[in-house]
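Trainee: Sharing a structure, written as structure tokens. Questions coming.
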Amino acid sequence: MSTAAREPEPRANSIAATIRERGQRVTPQRMAVIEEFLTRRDHPSVEQIYRSVSERFSMMAVSTVYDTLRLLVELGEAVEVSAGGSETRYDPLTGDHCHLICTQCKQVIDLDMPGDAEAKLSPAAVERVGFAAERVIVQAYGLCAQCRSTASTRTS
Ligand SMILES: [Zn+2]
Ligand SMILES: [Zn+2]
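In numbering that gives the first Met the number 0, the protein residues as written are 0 to 155.
If you want it as structure tokens, here you go:
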């Protein structure tokens, strides 16, 4: 996990301030979605956020979760992650980092990896072919430690 990640609470408050500045309402439901999302490091889907927040808010709608996450993406406070499944996942860590994606349990693990892999895809490198890259995410697909150990106990 990156030590550069900001504390969830002040970040949630500054996001709420930005939303209000745009003339949009920050409902308690919306705030709960933002706070829940910022504490997660598992790259949750809309459904996952909905499941944990609706425990506290019985009137929570899936569309509220979806709209709030879309808004966070628009504000640059979240990025969409495609982990190979049918669901879009969301990441509160917006800086350059790598994703290790388990093809079995669909877990997405953050990895700080400055250097080689990212350097090859740096904005300067892709600019040589006329492309303007805004951000670079390197994703590795494979099996996580847990899935590897269950696989090996099954075969032995
Ligand atoms: Zn796994
Ligand atoms: Zn991530």
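All C-beta atoms, glycine included, are put in the ideal place defined by N, C-alpha and C.
Note that this is a predicted model, so its numbers are computed, not measured.
1) Pick out whichever of Gly129, Tyr89, Val137 has its Cα sitting closest to the Cα of Ser44.
2) Using CA coordinates, which residue listed in Gly75, Ala132, Ser51 is at the minimum distance from Leu92?
3) Cβ atoms of Thr102 and Tyr140: under 8 Å apart, would you say?
4) Going by DSSP, what residue range makes up the alpha helix (DSSP H) through Arg69?
5) Measuring from the CB of Gln145, is there a heavy atom of ligand 1 at a distance below 7 Å?
6) So Gln28 is in the alpha helix (DSSP H); what residue range does that whole segment cover?
7) Mind reading off the beta-carbon distance from Val32 to Thr67? Whole number of angstroms is fine, and I expect it under 8 Å.
8) I need the straight-line Cα distance from Ala82 to His42, nearest angstrom please.
9) CB of Leu92 to nearest heavy atom of ligand 2: below 7 Å?
10) Answer yes or no: the CB of Gln103 versus the heavy atoms of ligand 4, is any distance below 7 Å?
Mentor: In terms of the structure at hand:
1) The shortest C-alpha to C-alpha distance from Ser44 to any of Gly129, Tyr89, Val137 is the one to Tyr89.
2) Gly75
3) yes
4) 61-73
5) yes
6) Unbroken alpha helix (DSSP H) run through Gln28: 27-38.
7) 4 Å
8) 9 Å
9) yes
10) Judged by which ligands are present, ligand 4 is missing from the structure shown, whose ligands are ligand 1 and ligand 2.
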